[in-house]
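Number of protein chains: 2
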Amino acid sequence: MEPRKLTRNQALVLETLTQAEAPLSAYTILDKLRDHGFRAPLQVYRALEKLTEFGIVHRLESLNAFVACTHPHDHGPEKGVIAFAICEDCGQVSEISDPEIEDRLALLATRRRFTTEKTTIEMRGHCGNCTAA
Amino acid sequence: MEPRKLTRNQALVLETLTQAEAPLSAYTILDKLRDHGFRAPLQVYRALEKLTEFGIVHRLESLNAFVACTHPHDHGPEKGVIAFAICEDCGQVSEISDPEIEDRLALLATRRRFTTEKTTIEMRGHCGNCTAA
DNA sequence: ATCAATTGCGTTATGCTATAACGTGTGGCA
DNA sequence: TGCCACACGTTATAGCATAACGCAATTGAT
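If you read the sequences in order, they're chains E and X.
Numbering-wise, our numbering puts 127 at position 127 of the first sequence, and it's gapless, one number per residue.
Position in the second sequence (from 1) plus 133 gives the number in our numbering.
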C-alpha cells in the first residue's frame, strides 16, 4: 500500500492535481492529460483510486472532485480524520486535522455502538482572501 | 421558506423517503413513483430541492442519496450542523446534533478567517445491530 | 531463466447522477 | 384584469463513475 513508486499514469494525475489551484473533477483531469495519451475516464479513475489509497490525494464528496494532499508530512493510508474548508469563490481547499474533532466524533460514535470506517468533514464557504475583497 | 403546505409531488417524495429504511437515490425515488405519474428526474429533483430547503430531507453527499429527517422537533432551514452515521450494511442513518462539534468547527474556521456556509459531516461504518451479528 | 500470479493498462460500452431550457397552468393580489 | 411568482411536465443534454474484456509489464519464488 505504500506509495513506493508511482506508475506513469499515477504520476501524471498527481502532477495535474498538484499544479491545480482548486479541486479537479476526474473528467477535467482527463482533458488536461489528453496530450499525454489519456483517452478514457478509467485511466484517471484508476490512478485516483490508488493515489487516494496512498493518502496523497483526497476526494471531496460534496464536490465530486479531487485535490492533492497538502499535509506535507507522513503520507500513508489516512491515520486521522481530515476536515476540509472549501472556498466557493476561489476553490482553495485547506486541510484541517484536529484531534478534538476526531475524539468527539469517536465518542459520539461509540455511544451509539457505531463503528466508524471513514469520516467525511467538509465545510463550504468563503476564505479570508475572498471575503476581504 | 416555511413548509406551509407541501405540493403533491413534494408530499409523494417525502412519503417515499419516510417509508424507506435506507437513503434513496433520486432515480430510485423516481422508479417508486412511476405509478403515481412521475416520469422524469426533474420531478424528483425539484421536490427534493424544496424539501431540503425546508429541512425535512437531508442529502448525503458521500452517497448521492437522500433521507427523510428523523429529528422530530423543529423543522426549518437548518439551524445547526448535523452529523450522520451511516451503516454500510443495513443502510440505517442516524442523525447526530452536537454543539461541541459545531463550536469546534466554528473555532477552527474562524481561526483561518473562513466563513462557513454549509457543513457536511458523514461517518460511514457499521451500526450496533450489524456489528453484533 | 522461467513460469505463475499480480497488477497496471487500454478500450468499448454502459449506467448512474444532475441540470438546462422551454412552455403550460394556477393562485394570489394590486 | 392583468401581472407575478411558482410549481409542473417534457425533452434533451451534461457530468460523474464503473463493468467487462483482453493484453502487457512486473514481481518473485523456484
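The beta carbon of each residue, even a glycine, is placed where N, CA and C say it ideally should be.
(request) Could you name the residues that DSSP lists as bridge partners for residue 94(E)? (result) 85(E)
(request) Mind checking who residue 125(E) pairs with in its DSSP beta bridge? (result) 87(E) and 249(X)
(request) Verify the CB distance criterion: does residue 212(X) have a CB-CB separation below 9 Å to chain E? (result) no
(request) Return the first residue and the last residue of the alpha helix (DSSP H) that residue 54(E) is part of. (result) 41-54 is the span of the alpha helix (DSSP H), which, as asked, contains residue 54(E).
(request) Please classify residue 109(E): is it buried, with 16 or more other beta-carbons within 10 angstroms of its beta-carbon, or exposed? (result) Residue 109(E) is buried by the Cβ-count criterion.
(request) Quick one: grab the DSSP three-state call for residue 135(E). (result) What the structure shows of chain E is the stretch from 1 to 133, and residue 135(E) is not part of that stretch, so it cannot be assessed.
(message) Taking beta-carbon pairs under 8 Å, can you tell me which members of the segment 219-253 of chain X lie near chain E?
(response) 220, 221, 227, 229, 231, 233, 234, 237, 238, 241, 242, 245, 246, 247, 248, 249, 250, 251, 252 and 253
(message) Can you look up residue 30(E) in the DSSP assignment and give me helix, strand or coil?
(response) helix
(request) Could you tell me whether the Cβ of residue 122(E) comes closer than 9 Å to any Cβ of chain X? (result) yes
(message) Can you confirm whether the segment 83-94 of chain E touches the segment 118-129 of chain E when touching is taken to mean that 3 or more C-beta pairs between the two stretches lie within less than 8 Å?
(response) Verdict: yes, contact present.
(request) Using three-state DSSP, classify residue 36(E) as helix, strand or coil. (result) helix
(request) Answer yes or no: the CB of residue 250(X) versus the heavy atoms of the ligand SAM, is any distance below 8 Å? (result) The ligand SAM is not part of the structure shown, which contains no ligands of any sort.
(message) According to DSSP, residue 58(E) sits in a beta bridge with which residue or residues?
(response) Per DSSP, 67(E).
(message) Going by DSSP in three states, residue 143(X) sits in which element: helix, strand or coil?
(response) Reduced to three states, the DSSP call for residue 143(X) is helix.
(request) Using a Cβ-Cβ cut-off of 9 Å, state whether residue 259(X) counts as contacting chain E. (result) yes
(request) Could you tell me whether the segment 8-26 of chain E touches the segment 56-72 of chain E, using the rule of 3 or more Cβ pairs below 8 Å? (result) A contact exists between the segment 8-26 of chain E and the segment 56-72 of chain E.
(request) Pull up the distance between the alpha-carbon of residue 179(X) and that of residue 48(E), whole angstroms please. (result) 32 Å
(request) Would you kindly work out how many angstroms separate the C-alpha atoms of residue 80(E) and residue 95(E), rounded to a whole number? (result) 12 Å
(request) Give me the Cα-Cα distance between residue 175(X) and residue 63(E), rounded to the nearest whole angstrom. (result) 20 Å
(message) For residue 37(E) and residue 91(E), I'd like the C-alpha separation in whole angstroms.
(response) 27 Å
(request) Would you verify that the beta carbon of residue 216(X) is, or is not, closer than 9 Å to some beta carbon of chain E? (result) yes
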